[in-house]
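Numbering (my numbering), first residue to last: 125 to 365.
Written out as structure tokens, the structure is:
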């Protein structure tokens, strides 16, 4: 590792996202992957990686309840950047057992049920996907949620011990992301045109025109402090998840 790369990896704050990406990819090689949910952060990161002449493995979780527009966006992204997206799926038996016991919409009944659904459809598949990597790149930012205010550019993963997360956009704003998208003509998820600010499963996401809270359209029946799915924060007690 060069001295410049070491400096970026160990002191990444105030560095441009492209510099953080280049240093991380050079340092970790094929042990690093880009987590993609086809929201603005992820597509901006992939475009940056493409523009700096780097390659990275891209993976995404198909929960089984994604909106059709997500698959359309995935196809456009794959064609635009010449990348193969590694799709990861929930374990069929776990999904079937949950639905047989609790029904199709148990996630709306209690927070514990919603966390269970997120765990089965998202968290467990992510854990399997990360078996191929030591490091994963995310599009998380400090302005998204109160629980993300203390994010760092590079940090240990508290949910997956031994793994490292790289968050190159941690200090960017939503406006900066959209400025980048329009400047570079980056393909983006069409549900943003319908007033969505954050996009997940079809049944747990809705348009929230006029809202400033980026997560207002996610699990709108819950209070804001619960609006994490478990990919980035551990759940304690209750359901045992």
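Cβ coordinates follow ideal geometry from the N, Cα and C atoms, glycine included.
Using beta-carbon positions only, say whether residue i and residue j come within less than 8 Å of one another.
i: residue 173; j: residue 212; result: no
i: residue 193; j: residue 202; result: no
i: residue 180; j: residue 158; result: yes
i: residue 92; j: residue 344; result: Because the chain spans 125 through 365 in this model, residue 92 falls outside it and cannot be assessed.
i: residue 283; j: residue 167; result: no
i: residue 313; j: residue 163; result: yes
i: residue 338; j: residue 298; result: yes
i: residue 196; j: residue 214; result: no
i: residue 289; j: residue 258; result: no
i: residue 252; j: residue 165; result: no
i: residue 147; j: residue 176; result: no
i: residue 331; j: residue 346; result: no
i: residue 149; j: residue 178; result: yes
Please name the residue or residues paired with residue i in a DSSP beta bridge.
i: residue 288; result: 259 and 280
i: residue 159; result: 183
i: residue 210; result: 183
i: residue 342; result: 329
For residue i, which of the options has the nearest alpha-carbon?
i: residue 295; options: 277, 190 and 188; result: 277
i: residue 230; options: 191, 322 and 328; result: 328
i: residue 200; options: 170, 288, 175 and 224; result: 170
i: residue 153; options: 280, 219, 261 and 281; result: 261
i: residue 140; options: 322, 292, 331 and 321; result: 292
i: residue 191; options: 315, 332 and 319; result: 315
i: residue 161; options: 146, 150, 234 and 182; result: 182
i: residue 246; options: 216, 318 and 198; result: 216
i: residue 220; options: 241, 323, 233 and 256; result: 241
i: residue 218; options: 249, 198, 233 and 234; result: 249
i: residue 243; options: 227, 255 and 222; result: 222
i: residue 255; options: 275, 227 and 285; result: 285
i: residue 135; options: 301, 279, 304 and 341; result: 279
i: residue 322; options: 235, 341 and 226; result: 341
i: residue 300; options: 204, 281 and 267; result: 267
i: residue 324; options: 189, 210 and 142; result: 189
Is residue i near the ligand FAD - that is, is its Cβ less than 7 Å away from at least one heavy atom of it?
i: residue 317; result: Ligands are entirely absent from the displayed structure, and the ligand FAD is therefore not among its contents.
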